[in-house]
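Numbering (our numbering), first residue to last: 74 to 213.
This is the structure in structure tokens:
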């Protein structure tokens with residue numbers, strides 16, 4: 074009887090460790106998918122229904138998973154009508170991902186930017202505001 078209880082306890086403990094490792098692996102794999110540089114390609118939405126396109130390379134977001142630093146290179150001139158839609162100015166920012174309610178949220182500089190969804194060519198950032206929010210599309 075003691076042997077059965079011991080085997081059951083060992084199986085239970087090993088199952089707990091296995092499930093923790095898988096969760097950690099999933100979060101690590103998700104954040105590693107954002108490693109590298111992405112071009113902001115389109116911003117759409119808002120109250121007026123904006124649909125603003127950018128040329129590949131005009132605005133680059135580069136993620137460094139080792140340092141958790143996001144480097145933004147924004148070459149849009151302030152006199153360009155698209156500037157107000159170009160999101161972050163050039164600079165470096167801390168970033169992190171958090172999973173809440175099965176959504177992966179991006180935080181930049183400690184501020185929640187919204188949920189991200191992966192696409193075939195990159196990812197989308199939805200600022201999460203239902204009526205007047207923006208959808209920002211990035212490509213590798």
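Yeah, the Cβ is synthetic: ideal placement off N, Cα and C, and Gly gets one too.
- Within the same chain, 149 come within 6 angstroms of residue 156 by CB-CB distance, once the 5 residues on both sides are set aside.
- In the structure shown, residue 158 falls within a helical segment according to DSSP collapsed to helix, strand and coil.
- When secondary structure is reduced to three states using DSSP, residue 183 falls in the coil class, being assigned neither helix nor strand.
- For residue 116, the enclosing beta strand (DSSP E) stretches over residues 109 to 118.
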